[in-house]
Amino acid sequence: MDSKLKTETSNVTAMMEFVLLGFSDIPNFQWLLFGIFFIIYLAILVCNSLIILVTSFDPVLQTPMYFFLSNFSFLEICYVTVTIPRMLMDLLTQKGNISLLACATQMCFVLMLGGSECLLLTVMAYDRYVAICNPLHYSLVMNPKVCVQLVTASWISGVPVVIGQTCQIFSLPFCGSKTINHFFCDIPPILKLACGDTYENEIAVYVVAVVFITVPFLLIVISYARIISSILKLSSARGRAKTFSTCSSHLTVVVLFYGTASITYLQPKPNQSEWVGKLISLFYTVLIPTLNPIIYTLRNKDIMAALRKLLTKLLSGSKT
Numbered sequence: 000m001d002s003k004l005k006t007e008t009s010n011v012t013a014m015m016e017f018v019l020l021g022f023s024d025i026p027n028f029q030w031l032l033f034g035i036f037f038i039i040y041l042a043i044l045v046c047n048s049l050i051i052l053v054t055s056f057d058p059v060l061q062t063p064m065y066f067f068l069s070n071f072s073f074l075e076i077c078y079v080t081v082t083i084p085r086m087l088m089d090l091l092t093q094k095g096n097i098s099l100l101a102c103a104t105q106m107c108f109v110l111m112l113g114g115s116e117c118l119l120l121t122v123m124a125y126d127r128y129v130a131i132c133n134p135l136h137y138s139l140v141m142n143p144k145v146c147v148q149l150v151t152a153s154w155i156s157g158v159p160v161v162i163g164q165t166c167q168i169f170s171l172p173f174c175g176s177k178t179i180n181h182f183f184c185d186i187p188p189i190l191k192l193a194c195g196d197t198y199e200n201e202i203a204v205y206v207v208a209v210v211f212i213t214v215p216f217l218l219i220v221i222s223y224a225r226i227i228s229s230i231l232k233l234s235s236a237r238g239r240a241k242t243f244s245t246c247s248s249h250l251t252v253v254v255l256f257y258g259t260a261s262i263t264y265l266q267p268k269p270n271q272s273e274w275v276g277k278l279i280s281l282f283y284t285v286l287i288p289t290l291n292p293i294i295y296t297l298r299n300k301d302i303m304a305a306l307r308k309l310l311t312k313l314l315s316g317s318k319t
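Heads up: the sequence shown begins at 0 in numbering that gives the first Met the number 0, then just goes up one per residue.
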């Protein structure tokens with residue numbers, strides 16, 4: 000019996016390193032992918048930085064809605080920085096070696112920032128609800144102190160939960176293959192490498208996903224149900240269109256982000272193929288953060304006006 004246990008124990012590798020396969024199965028496109036993702040990363044950094052800049056310094060944009068948008072843009076910069084630079088390095092070197100600690104750290108930050116994004120999108124929906132459904136008390140309800148408290152809660156609420164879940168997953172024994180068929184350390188591909196029964200871990204992932212994805216999404220749905228009800232009561236068609244336009248950008252981002260994130264995490268045991276999993280992950284870690292600043296700026300006259308003023312000042316300053 001003892002010899003059998005020793006044999007089983009020796010077969011379990013105490014892995015200190017993983018290998019991220021990324022897009023190594025399409026080697027002829029490595030440099031093309033590097034160029035595409037590098038341009039996308041720069042675009043995300045520049046566009047979100049511009050939003051932060053104009054919402055911080057333009058007097059017209061000193062409102063709770065743009066305060067939340069500024070925080071959301073900063074969160075997006077942090078979110079993509081956790082995954083894209085690492086992916087670019089792997090494409091450049093064509094090596095995906097990542098230590099167990101680095102892998103756990105990356106997973107922790109991806110989950111932490113993703114959870115913060117879910118909560119912040121909920122806060123932004125609540126802001127629109129108060130502005131449209133209770134406009135007379137808006138400045139009282141959404142005062143600067145409350146806005147800071149809501150943003151702070153969005154950033155830190157999930158930290159202990161995510162750290163606990165990451166520790167739980169990486170305390171599992173890993174044996175056999177050490178290759179992660181993904182471009183970053185995500186929960187589903189890591190659990191596939193674990194030895195033994197991972198049922199409890201999968202249930203824990205599902206519960207956390209319900210708390211940080213389903214519950215916030217339901218709150219957003221309730222907020223928008225009341226918002227739409229209030230908009231429909233407006234007598235002027237122009238007034239209805241103008242009021243709804245202030246929410247349409249946020250609603251578009253919510254549908255895109257929650258749609259892809261729920262497919263990945265709201266399953267105790269994901270059934271999609273590894274390529275489909277990678278494609279879905281690309282949507283919520285790369286494509287949606289790229290679209291978000293475009294959605295918010297092109298459909299927002301105040302931000303476009305602030306950007307024009309900023310560009311005019313920069314151009315006039317450079318001429319002098």
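A virtual CB, placed ideally from N, CA and C, is assigned to each residue, including glycine.
Across the structure, A224 and N70 are spaced so that their CA atoms are roughly 25 Å apart.
Judged by DSSP secondary structure, V210 falls outside any alpha helix (DSSP H); it is assigned neither H nor E. For L44, the enclosing alpha helix (DSSP H) covers residues Q29 to F56. Nearest Cα to G258 within the set N299, L231, I227 and T213: T213.
For N133, there is no enclosing beta strand (DSSP E), as DSSP gives it neither H nor E. With contacts defined by Cβ atoms closer than 8 Å, I287 and Y295 do not form a contacting pair. The beta carbons of F17 and C146 sit about 41 Å from each other, so the pair does not count as a contact at 8 Å. As the crow flies, the alpha-carbon of T104 is around 11 Å from that of F183. In the displayed model, N291 falls within a helix according to three-state DSSP. Cβ contact annotation for Y65 (same chain, cutoff 7 Å, sequence separation greater than five): T54, in chain order. The three-state secondary structure of I25, taken from DSSP, is coil. In the DSSP annotation of this structure, F173 is not part of any alpha helix (DSSP H), being labelled neither H nor E. The alpha-carbon separation between I168 and F28 amounts to approximately 33 Å.
Contact fails between the segment 83-97 and the segment 107-120, because fewer than three Cβ pairs, one in each stretch, are under 8 Å apart. N47 counts as buried, since no fewer than 16 other beta carbons sit within 10 angstroms of its beta carbon. For L68, the enclosing alpha helix (DSSP H) has its first and last residue at P63 to T92. Out of K312, T311, E201 and V253, the CA that lies nearest to the CA of N291 is found in V253. Cα atoms of P26 and D89: separation of roughly 12 Å, rounded to the nearest angstrom. Cβ-Cβ distances below 6 Å link I262 to I279 in the same chain, with the five nearest sequence neighbours on each side left out; the list follows chain order. Here L310 is exposed, its C-beta having fewer than 16 other C-beta atoms within 10 Å. The segment 189-203 and the segment 172-180 touch, with three or more beta-carbon pairs separated by less than 8 Å. Scanning its chain for C-beta atoms nearer than 6 Å, with the 5 sequence neighbours on each side dropped, one finds around C132 the residues R225 and S229, in chain order. For the pair L49 and F256, the Cα-to-Cα distance works out to about 22 Å.
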